[in-house]
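Trainee: Chains as they are written, first to last, in our numbering: chain Z, 6 to 205; chain H, 6 to 205.
Beta carbons are placed, not taken as given, at the ideal position from N, Cα and C, and that holds for glycine.
Everything numeric in this text was worked out from a predicted model, so none of it was measured.
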DNA sequence: GTTTAAATATGACTGCGGTCATGTAAGGTT
DNA sequence: AACCTTACATGACCGCAGTCATATTTAAAC
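1) Measuring only the C-alpha atoms, how far is residue 49(H) from residue 20(H)?
2) Of the residues 24(H), 162(H) and 13(H), which one's Cα is nearest the Cα of residue 195(Z)?
3) Cα separation between residue 127(Z) and residue 165(Z)?
4) If you measure between the beta carbons of residue 64(Z) and residue 110(Z), is that distance less than 8 Å?
5) Report the rounded CA-to-CA distance for residue 141(H) versus residue 160(Z), giving the unit in angstroms.
6) According to DSSP, is residue 153(H) helix, strand or coil?
7) Select from 38(H), 69(H) and 71(H) the residue whose C-alpha is nearest the C-alpha of residue 60(H).
8) Are residue 33(Z) and residue 118(H) touching if we call contact CB-CB under 8 Å?
9) Would residue 130(H) count as contacting chain Z if we go by Cβ distances under 8 Å?
10) Below 8 Å on the Cβ atoms is my contact criterion, and I expect residue 201(Z) with residue 204(H) to pass it. Report the Cβ-Cβ distance as a whole number of Å.
11) Where does the unbroken alpha helix (DSSP H) through residue 26(Z) begin, and where does it stop?
12) Report yes if the C-beta distance between residue 139(Z) and residue 169(Z) is below 8 Å; otherwise report no.
13) Applying the 10 Å Cβ sphere with the 16-neighbour rule, what's the burial state of residue 113(Z)?
14) Just to confirm before moving on: does the CB-CB distance between residue 3(H) and residue 88(H) stay below 8 Å?
15) Going straight from the alpha carbon of residue 95(H) to that of residue 43(Z), what length do you get?
16) Whose Cβ in chain Z lies nearer than 8 Å to the Cβ of residue 205(H)?
17) Between residue 55(H) and residue 82(H), how many whole angstroms is the CB-CB distance? I'm expecting something under 8 Å.
18) What three-state label does DSSP hand residue 48(Z) in the structure shown?
19) With 16 other CB atoms within 10 Å as the buried threshold, where does residue 107(Z) fall?
20) Go to residue 35(H), then tell me how far its alpha helix (DSSP H) extends in each direction, as first and last residue.
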């Protein structure tokens, strides 16, 4: 690795570390780029060589967090339990991983939506969050059909999207609510419902 | 009505009208407050007597739109058809009302999420969108149970929230996707799924 | 009609995100 | 080692959202 590459990584990590600290100390909005660059001992312009906007930092945070979370998931999902429980465990685990840093999570999710607006993503190109989750659920459901735990003849893609929808909705409502109810129970209940159906 | 009140309404409408025109002409981001106030022939500071931020305009737009939409809905929902179809009609109607002005709709939804972040809404206080929709669905499902079209013993609140989740997810994915598929079919399919259930 | 009080209007000003022309240093070339 | 090229660093600068002290208009009080 060349000296240049080393310095680049160092600078990016420095920005990451400093901004993380400042965000925790005084919040995202109250932290200015000037502060970050002063603390990180770089010029203001340099910041924008690494992150195109202030908000891009949030996406970077989200990526780092996702890396960790999804690597944990993949080692957890080998277990041979009932498909419904597998899905419950997965979604509850994900939801609970947001419990720390509720404020920053909101901003991150928020930014993620905004981000999708700006970029013209081709289908299948977006590997993060929603789609990544849909893929895992898709696998689970496919196996569920084979095991006879999921109704045959179902459209697996639609089912995966529906479960994803339920999950995101629950997380959003939970994040934005004042009260402190159990996200696990909420999600579990809704998954039960989707498995059993509403119709008579 | 006093002269003051008249002028206030006039000014607010003028801002609304001018900004609407400019947003359509050149987009939200490319329109500055300076432009709006110049076109509306008011001082810059005056704008902020009517809207606390530029984004607040989007919420005002959304409100106006919702007023119209929900007034149409209430006259439509009297029909005595099967509960599932009633729900399908409702959600498809709502989704299709976003077909015009896809760009502005995105910004509005986006802003709505942001807005919820800032305000400490008490439960039941938020009469708009998500909760309003949940309430209507709640009613539909309640009647559905009575008519024997919805499975008895179901938690109506959870079911309403699940359907809302499916609806919002569909709209979001649709709004942010490049392709031009049928939102009606997508939502219909998912409602069928939720009614029939995933489990075997 | 005059005075007083309250509401509203206003634009110079501030603060911050983001740009860009210019400077500096790394690494390749001879 | 002297020179060149390319990548990266930098801070003065710009544009725009939002503020605030001051001015103006309306309404109330007498």
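Mentor: For this structure:
1) Your numbering for residue 49(H) matches position 44 in the second chain. Your numbering for residue 20(H) matches position 15 in the second chain. Answer to the nearest angstrom: the Cα atoms are 11 Å apart.
2) Stepping through the first chain from its first residue, residue 195(Z) is reached at position 190. Nearest of 24(H), 162(H) and 13(H) to residue 195(Z), Cα basis: 162(H).
3) The sequence position of residue 127(Z) within the first chain is 122, counting from 1. The sequence position of residue 165(Z) within the first chain is 160, counting from 1. The predicted model places residue 127(Z) with a pLDDT of 42, which falls under 50 and marks its position as unreliable, so this point remains unresolved.
4) Locating residue 64(Z) in the first chain gives position 59, counting from the first residue. Locating residue 110(Z) in the first chain gives position 105, counting from the first residue. Contact flag unset, no.
5) Position 136 of the second chain, counted from the first residue, corresponds to residue 141(H). Position 155 of the first chain, counted from the first residue, corresponds to residue 160(Z). For residue 141(H) and residue 160(Z), the gap between their C-alpha atoms comes out near 28 Å.
6) Against the second chain, residue 153(H) aligns to sequence position 148. Assignment of residue 153(H) by DSSP, reduced to helix, strand and coil, places it in the coil class.
7) Position 55 of the second chain, counting from 1, holds the residue named residue 60(H). Taking only the C-alpha atoms, the option nearest residue 60(H) is 38(H).
8) Position 28 of the first chain, counted from the start, is the residue given in the question as residue 33(Z). Position 113 of the second chain, counted from the start, is the residue given in the question as residue 118(H). No.
9) In the second chain, counting from the first residue as 1, residue 130(H) sits at position 125. Because residue 130(H) sits at a pLDDT of 49, beneath the cut-off of 50, its placement in the model cannot be relied upon, and the following sentence gives the value as read from the coordinates. Residue-level contact check: residue 130(H) does not touch chain Z, since none of the beta carbons of chain Z fall below 8 Å from its beta carbon.
10) Counting from one through the first chain, the residue named residue 201(Z) turns up at place 196. Counting from one through the second chain, the residue named residue 204(H) turns up at place 199. With 8 Å as the limit, residue 201(Z) and residue 204(H) qualify as a contact, their Cβ atoms being about 6 Å apart.
11) Locating residue 26(Z) in the first chain gives position 21, where the first residue counts as 1. DSSP places residue 26(Z) inside the alpha helix (DSSP H), whose first and last residues are 8-31.
12) Translated into the one-based positions of the first chain, residue 139(Z) becomes position 134. Translated into the one-based positions of the first chain, residue 169(Z) becomes position 164. Going by C-beta atoms, residue 139(Z) is nearer than 8 Å to residue 169(Z).
13) Mapped onto the first chain, residue 113(Z) falls at position 108. So residue 113(Z) counts as buried.
14) One cannot answer for residue 3(H) here, as it falls past the ends of chain H, which runs 6 to 205.
15) Taking the second chain and counting its residues from 1, the one referred to as residue 95(H) is at position 90. Taking the first chain and counting its residues from 1, the one referred to as residue 43(Z) is at position 38. Taking the straight line from one Cα to the other gives about 54 Å.
16) The residue given as residue 205(H) occupies position 200 in the second chain. By Cβ distance, chain Z contributes 153, 154, 155, 156 and 157.
17) Locating residue 55(H) in the second chain gives position 50, counting from the first residue. Locating residue 82(H) in the second chain gives position 77, counting from the first residue. No, residue 55(H) and residue 82(H) are not in contact; Cβ-Cβ is about 34 Å, not under 8 Å.
18) Taking the first residue of the first chain as 1, we reach residue 48(Z) at position 43. In this structure, residue 48(Z) counts as coil in the three-state DSSP scheme.
19) As a first step, residue 107(Z) must be located in the first chain, where it is residue number 102. Exposed, because fewer than 16 other Cβ atoms sit within 10 Å of the Cβ of residue 107(Z).
20) One-based indexing of the second chain puts residue 35(H) at position 30. Premise fails: residue 35(H) is in no alpha helix (DSSP H) and is neither H nor E.
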